[in-house]
Ligand SMILES: [Zn+2]
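Residue numbers (our numbering): 1 to 60.
Written as structure tokens, this is what we have:
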């Protein structure tokens, strides 16, 4: 199973998940599925409350 993590888009605040292996701590850009904004893991914001990302806290 691919390890995923939740990330919040710094532009539209949309929350989505990305592959940890590919993007966590990597110098690669993720593309937001909501607004197509490209950003790196370090630019991501905390996932919004109430978006089903509750398990993220244990995954960190
Ligand atoms: Zn976005």
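All C-beta atoms, glycine included, are put in the ideal place defined by N, C-alpha and C. The structure displayed is predicted, hence computed values, not measured ones.
Backbone CA spacing between residue 19 and residue 12 [nearest angstrom]: Translated into the one-based positions of the chain shown, residue 19 becomes position 19. Translated into the one-based positions of the chain shown, residue 12 becomes position 12. Taking the Cα positions, residue 19 is about 20 Å away from residue 12.
Cα-Cα separation, residue 24 to residue 39: Numbered from 1 along the chain shown, position 24 holds the residue referred to as residue 24. Numbered from 1 along the chain shown, position 39 holds the residue referred to as residue 39. Between residue 24 and residue 39, the C-alpha separation is close to 12 Å.
Beta-carbon proximity of residue 43 to residue 8, cut-off 8 Å: By one-based count along the chain shown, residue 43 stands at place 43. By one-based count along the chain shown, residue 8 stands at place 8. No, they are not a contact pair.
Closer than 7 Å: residue 40 CB and nearest ligand 2 heavy atom: With respect to ligand 2, the structure shown offers nothing to examine, as its ligands consist of ligand 1.
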